[in-house]
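**Student:** Residue numbers (my numbering), protein chains in the order written: chain A, 62 to 411; chain B, 62 to 411.
Built from N, CA and C at the ideal position, the CB exists for glycine as well.
This structure is a prediction, so every number in the text was calculated from the model and none was measured.
This is the structure I have questions about; it appears just below.
There are 2 protein chains.
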Amino acid sequence: MPQLQSSKGKVTIIEIADAAGVSKSTVSLVLTGRGAVKPETRQHVLQTMDRLGYVYNRGAANLRNAQSRIVGLVLNDLSNPFFAEFAIGVEKVLQMAGYVAFMANTAESVVRQDQVMRMMREHGAGGIILCPALDTRPEHLDWAKAAGTALLVAIRRLPGADTSVVVPENLVGASRVTRHLINLGHERIAFLGGMHSMVVRQERHGGFLAAMEASGRSIDPALNLESMPTRDGGFGAMSAVLSLADRPTAVVCYNDVTAIGAMLAAARHGLVVGRDIAIVGFDDTSEARHVSPALTTVAVDPVGLGERAAALLLKQINDPAAEAESFIGPAHLVIRESCGAYQRALAAAG
Amino acid sequence: MPQLQSSKGKVTIIEIADAAGVSKSTVSLVLTGRGAVKPETRQHVLQTMDRLGYVYNRGAANLRNAQSRIVGLVLNDLSNPFFAEFAIGVEKVLQMAGYVAFMANTAESVVRQDQVMRMMREHGAGGIILCPALDTRPEHLDWAKAAGTALLVAIRRLPGADTSVVVPENLVGASRVTRHLINLGHERIAFLGGMHSMVVRQERHGGFLAAMEASGRSIDPALNLESMPTRDGGFGAMSAVLSLADRPTAVVCYNDVTAIGAMLAAARHGLVVGRDIAIVGFDDTSEARHVSPALTTVAVDPVGLGERAAALLLKQINDPAAEAESFIGPAHLVIRESCGAYQRALAAAG
DNA sequence: TTTCATAATTGGAACGTTCCAATAAATCGT
DNA sequence: ACGATTTATTGGAACGTTCCAATTATGAAA
Numbered sequence: 062m063p064q065l066q067s068s069k070g071k072v073t074i075i076e077i078a079d080a081a082g083v084s085k086s087t088v089s090l091v092l093t094g095r096g097a098v099k100p101e102t103r104q105h106v107l108q109t110m111d112r113l114g115y116v117y118n119r120g121a122a123n124l125r126n127a128q129s130r131i132v133g134l135v136l137n138d139l140s141n142p143f144f145a146e147f148a149i150g151v152e153k154v155l156q157m158a159g160y161v162a163f164m165a166n167t168a169e170s171v172v173r174q175d176q177v178m179r180m181m182r183e184h185g186a187g188g189i190i191l192c193p194a195l196d197t198r199p200e201h202l203d204w205a206k207a208a209g210t211a212l213l214v215a216i217r218r219l220p221g222a223d224t225s226v227v228v229p230e231n232l233v234g235a236s237r238v239t240r241h242l243i244n245l246g247h248e249r250i251a252f253l254g255g256m257h258s259m260v261v262r263q264e265r266h267g268g269f270l271a272a273m274e275a276s277g278r279s280i281d282p283a284l285n286l287e288s289m290p291t292r293d294g295g296f297g298a299m300s301a302v303l304s305l306a307d308r309p310t311a312v313v314c315y316n317d318v319t320a321i322g323a324m325l326a327a328a329r330h331g332l333v334v335g336r337d338i339a340i341v342g343f344d345d346t347s348e349a350r351h352v353s354p355a356l357t358t359v360a361v362d363p364v365g366l367g368e369r370a371a372a373l374l375l376k377q378i379n380d381p382a383a384e385a386e387s388f389i390g391p392a393h394l395v396i397r398e399s400c401g402a403y404q405r406a407l408a409a410a411g
Numbered sequence: 062m063p064q065l066q067s068s069k070g071k072v073t074i075i076e077i078a079d080a081a082g083v084s085k086s087t088v089s090l091v092l093t094g095r096g097a098v099k100p101e102t103r104q105h106v107l108q109t110m111d112r113l114g115y116v117y118n119r120g121a122a123n124l125r126n127a128q129s130r131i132v133g134l135v136l137n138d139l140s141n142p143f144f145a146e147f148a149i150g151v152e153k154v155l156q157m158a159g160y161v162a163f164m165a166n167t168a169e170s171v172v173r174q175d176q177v178m179r180m181m182r183e184h185g186a187g188g189i190i191l192c193p194a195l196d197t198r199p200e201h202l203d204w205a206k207a208a209g210t211a212l213l214v215a216i217r218r219l220p221g222a223d224t225s226v227v228v229p230e231n232l233v234g235a236s237r238v239t240r241h242l243i244n245l246g247h248e249r250i251a252f253l254g255g256m257h258s259m260v261v262r263q264e265r266h267g268g269f270l271a272a273m274e275a276s277g278r279s280i281d282p283a284l285n286l287e288s289m290p291t292r293d294g295g296f297g298a299m300s301a302v303l304s305l306a307d308r309p310t311a312v313v314c315y316n317d318v319t320a321i322g323a324m325l326a327a328a329r330h331g332l333v334v335g336r337d338i339a340i341v342g343f344d345d346t347s348e349a350r351h352v353s354p355a356l357t358t359v360a361v362d363p364v365g366l367g368e369r370a371a372a373l374l375l376k377q378i379n380d381p382a383a384e385a386e387s388f389i390g391p392a393h394l395v396i397r398e399s400c401g402a403y404q405r406a407l408a409a410a411g
């Protein structure tokens with residue numbers, strides 16, 4: 062029966078050494094698995110540790126070698142399932158590499174973001190994956206270069222910062238989904254949601270414009286509406302667009318959340334989405350699949366992006382000399398019902 | 062212009078002391094703010110730290126005083142928005158208290174859960190908030206008592222473990238929503254979703270039974286169906302219940318996710334939810350509000366629970382002698398459309 | 001001034017670990 | 001049975017901080 066050290070929980074390597082009749086160096090050796098230690102000795106030490114309830118003190122260890130195997134994961138909006146899934150991907154890879162993620166949510170606050178990154182540095186994080194809060198300036202990240210901390214920017218590209226980057230193929234994805242609508246015969250297509258200052262919006266809107274121009278569609282500035290990237294934002298923007306004299310027949314939304322808000326607004330105006338109007342989103346969150354009618358959108362595989370981000374960061378930690386590297390994750394079209402393609406096919410067949 | 066220590070990022074308290082012309086003890090004093098140090102000296106030291114790009118080494122500090130101001134947050138399912146919101150509440154309170162949350166996702170794996178909690182201990186976490194993975198046994202938590210680590214179990218009660226607990230009022234909540242259906246005149250009511258082994262289901266189902274019995278309704282065992290607590294699970298269970306000869310007229314679901322799956326199944330069978338059949342959920346996730354028809358459910362305020370959990374844990378950390386304390390969060394009925402109450406009211410009026 | 005109290009500052013000894021160089025023990029070839 | 005290797009083990013000096021006791025500077029009271 063293991064009689065755990067009761068009160069203080071302060072069993073050190075030295076006490077283990079004494080109890081096992083070896084030196085602290087030997088205990089350290091079995092702990093790190095580095096040197097050559099006789100199997101029986103190792104065994105004995107191991108069970109002594111178990112018996113006394115030893116717990117490794119990483120703080121003390123890091124003091125010597127600064128190899129903390131801690132990675133910080135800074136998220137701008139944990140309440141968005143997209144980032145939660147991204148985090149899951151990151152954690153999965155880190156775990157396999159024996160690292161541990163130190164996760165924090167900034168809720169789009171740069172102040173909080175600074176605090177949190179400082180904390181992580183103080184705890185000796187070897188690297189940080191940052192999904193930057195909305196108005197993060199590149200100079201907020203200067204410390205990383207100076208301190209030699211591996212830093213990777215994810216999801217939201219940060220113009221002017223020369224770090225590694227992992228982002229989805231926003232431009233191509235938006236271009237694809239727009240072309241899909243064009244192929245379905247739509248002429249007047251709106252782009253809706255997100256604020257102009259967001260890099261992600263600029264990219265997606267850029268893809269939209271590219272597809273429109275490539276097909277010779279005219280671009281009506283009245284059909285480009287900003288909104289907060291929330292359900293309510295989407296609802297509001299869609300309501301605005303529907304009050305226009307010359308309504309669009311299709312709408313490309315900044316993301317799924319906005320698109321779902323837009324669908325609600327359309328329904329409220331008595332329109333049947335997928336028949337009277339086409340609405341498409343971006344991200345393919347799990348909601349997209351389950352909303353009714355199911356949302357046509359662009360899938361970007363957040364888990365995969367997370368895995369990639371973690372892998373890239375680890376690479377950078379292990380080889381600090383390596384220069385910044387980028388990964389642009391694929392974005393593929395997921396055709397469901399909200400664009401009306403299915404109904405159109407039915408009609409064609411019938 | 063701050064000329065940051067370039068390469069190693071290894072500026073120590075001693076270098077600051079030298080550069081500022083004081084002793085390392087003085088620097089430590091301004092760092093901790095404990096002793097009395099002349100304002101001008103403090104100022105000078107502070108700006109020297111800034112100039113040299115000093116970063117505090119918490120590992121070294123913790124070596125002496127073991128006051129790590131780290132709290133572990135172990136979540137069983139980050140992809141569930143409910144837990145993401147819970148985490149937000151926890152973080153908010155911890156942040157204000159100057160603590161930092163060390164968050165990890167176990168994805169319902171006890172093995173991972175053990176790993177993660179070990180990591181946290183090794184990093185000197187002063188306490189842990191645990192949302193236990195599905196088949197966590199109380200003895201998995203014995204180390205906490207032995208090591209004197211504050212431990213709080215949240216959301217899923219863990220029978221047999223005598224830790225502090227923060228959970229929603231599952232029984233009362235389920236009872237309330239069931240009574241609501243009974244008041245609307247329903248006789249045959251099903252309970253659907255969740256696995257029998259889940260404590261949360263036992264509590265919610267218990268509340269359901271209590272309300273049914275209190276109103277003299279007979280309980281048909283065929284109307285109690287298990288399923289995985291997912292959308293697909295809800296879909297399957299609802300399909301099963303609809304193939305019964307004697308269908309229920311109302312369904313209480315284990316949670317919102319299950320309920321939304323059930324709604325989909327009902328629609329697929331040609332039923333109009335809220336008119337032909339009543340469906341209610343539990344949790345009031347943001348989806349509940351936005352699904353169509355909007356889901357009648359029980360709100361449990363995950364952010365509030367998180368805040369409470371953090372506050373309780375902090376209290377426990379500051380007074381380790383204090384005994385386990387529990388908080389049962391309120392659960393109130395949120396009436397929307399899926400239960401048909403609105404339509405019924407309209408009909409009565411018209 | 002001198003004398004106290006109090007405010008500021010300081011050197012050195014921890015804290016729990018890893019690393020290094022050194023020693024001790026086992027194994028080998030001859 | 002002897003050095004020569006190789007394999008196991010070890011003491012002690014770091015690592016960057018905090019704390020304590022001791023010291024020195026500052027003011028106020030005498």
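Is it a yes or a no for the segment 245-265 of chain A touching the segment 273-288 of chain A, going by three-plus beta-carbon pairs under 8 angstroms?
**Tutor:** Flag = yes, the segment 245-265 of chain A and the segment 273-288 of chain A touch.
**Student:** Tell me T358 (chain B)'s beta-bridge partners as DSSP assigns them.
**Tutor:** Paired residues: B:V395.
**Student:** Shortest alpha-carbon distance to D345 (chain B) belongs to which of B:L356, B:A97 and B:S170?
**Tutor:** Taking only the C-alpha atoms, the option nearest D345 (chain B) is B:L356.
**Student:** Just the Cα atoms here: how many angstroms apart are S67 (chain B) and L213 (chain A)?
**Tutor:** With a pLDDT of 42 at S67 (chain B), under the threshold of 50, the modelled position of that residue is not reliable, and the figure given next carries that caveat. The alpha-carbon atoms of S67 (chain B) and L213 (chain A) are separated by roughly 19 angstroms.
**Student:** Suppose you measure from the CA of A408 (chain B) to the CA of S347 (chain A); what does that come to, to the nearest Å?
**Tutor:** Taking the straight line joining both Cα atoms gives about 36 angstroms.
**Student:** Of all the options A:E368, A:G114 and A:H241, which has the alpha carbon lying nearest to the alpha carbon of G156 (chain A)?
**Tutor:** The amino acid at residue 156 (chain A) is misidentified as Gly; the sequence shows Gln. Measuring from the Cα of Q156 (chain A), the nearest candidate turns out to be A:E368.
**Student:** So within the segment 184-246 of chain A, which uninterrupted beta strand (DSSP E) runs reach at least 3 residues, ignoring any that extend past its ends?
**Tutor:** You should have 188-191, 211-215 and 225-229.
**Student:** Helix, strand or coil for S68 (chain B) per DSSP?
**Tutor:** Its pLDDT being 45, under 50, S68 (chain B) is placed unreliably in this model, and the value from its coordinates should be taken loosely. DSSP places S68 (chain B) in coil when its eight states are reduced to three.
**Student:** Looking at chain B, is there any beta carbon in it that lies within less than 7 angstroms of the beta carbon of H351 (chain A)?
**Tutor:** Interface residue, yes.
**Student:** On a Cα-Cα basis, can you pick out the residue from B:I74, B:E274, B:S225 and B:G234 that is closest to L375 (chain B)?
**Tutor:** When each option's Cα is compared against that of L375 (chain B), the closest is B:S225.
**Student:** Residues of the segment 272-285 of chain A in Cβ contact with chain B at a cutoff of 7 angstroms, in chain order, please.
**Tutor:** Hits within the stretch: zero.
**Student:** List the whole-angstrom C-beta distance separating F269 (chain B) from C314 (chain B), where the pair is believed to meet the contact cut-off of C-beta under 8 angstroms.
**Tutor:** Not really, about 10 angstroms apart at Cβ, beyond 8 angstroms.
**Student:** Using the beta-carbon of each residue, which ones in chain B are nearer than 8 angstroms to F343 (chain A)?
**Tutor:** In chain order: nothing, as chain B lies at least about 18 angstroms away.
**Student:** Taking a Cβ distance cut-off of 7 angstroms, strictly less, list which residues of the segment 124-150 of chain A are near chain B, in chain order.
**Tutor:** Answer in chain order: L124, L139, S140, P142, A145, E146, A148 and I149.
**Student:** Using a Cβ cut-off of 9 angstroms, pull out every chain A residue sitting near G254 (chain B), in sequence order please.
**Tutor:** Ordered by position in chain A, no residue passes the 9 angstroms Cβ test against G254 (chain B), which lies about 15 angstroms from the chain.
**Student:** Which residue wins for smallest C-alpha separation from N231 (chain B), given the options B:D223, B:R262, B:D111 and B:S258?
**Tutor:** Closest option to N231 (chain B), Cα to Cα, is B:R262.
**Student:** So which residues on chain B does R292 (chain A) lean against when the C-beta distance must stay under 9 angstroms?
**Tutor:** Within chain B, the residues near R292 (chain A) are S347, R350 and H351.
**Student:** So, does the CB of N166 (chain A) fall closer than 7 angstroms to a CB anywhere in chain B?
**Tutor:** Yes, contact with chain B.
**Student:** Looking at chain B, which residues of the segment 298-323 of chain A have a Cβ within less than 9 angstroms of any of its Cβ atoms?
**Tutor:** Listed in sequence order: I321 and G322.
**Student:** Which of helix, strand or coil does DSSP assign to D79 (chain B)?
**Tutor:** Looking at D79 (chain B) - three-state DSSP - the assignment turns out to be helix.
**Student:** Closest to T291 (chain A) by C-alpha separation, out of A:P309, A:V312, A:M273 and A:N316, would be which residue?
**Tutor:** The option with the nearest alpha carbon to T291 (chain A) is A:N316.
**Student:** What are the start and end residues of the alpha helix (DSSP H) that includes N137 (chain B)?
**Tutor:** Per DSSP, N137 (chain B) belongs to no alpha helix (DSSP H) and is neither H nor E.
**Student:** Counting only Cβ pairs nearer than 9 angstroms, list the residues of chain B close to E152 (chain A).
**Tutor:** Within 9 angstroms Cβ-Cβ: L139, A165, N166 and A168.
**Student:** With a threshold of 7 angstroms between beta carbons, is V160 (chain B) in contact with chain A?
**Tutor:** The sequence given here has Tyr at residue 160 (chain B), not Val. False, the Cβ-Cβ gap to chain A never drops below 7 angstroms.
**Student:** Taking the C-alpha atoms as reference points, what is the distance between S300 (chain B) and A320 (chain B)?
**Tutor:** Cα to Cα, the separation comes out at about 12 angstroms.
**Student:** Which chain B residues sit within Cβ distance under 9 angstroms of A121 (chain A)?
**Tutor:** Those within 9 angstroms of A121 (chain A) in chain B are G120, A121, N123 and L124.
**Student:** Which residue comes first and which comes last in the alpha helix (DSSP H) that contains A271 (chain A)?
**Tutor:** Counting along the chain, the alpha helix (DSSP H) containing A271 (chain A) begins and ends at V260 to A275.
**Student:** Should the segment 135-151 of chain B be called in touch with the segment 175-190 of chain B, which here means at least 3 C-beta pairs below 8 angstroms?
**Tutor:** Yes: at least three Cβ pairs fall under 8 angstroms.
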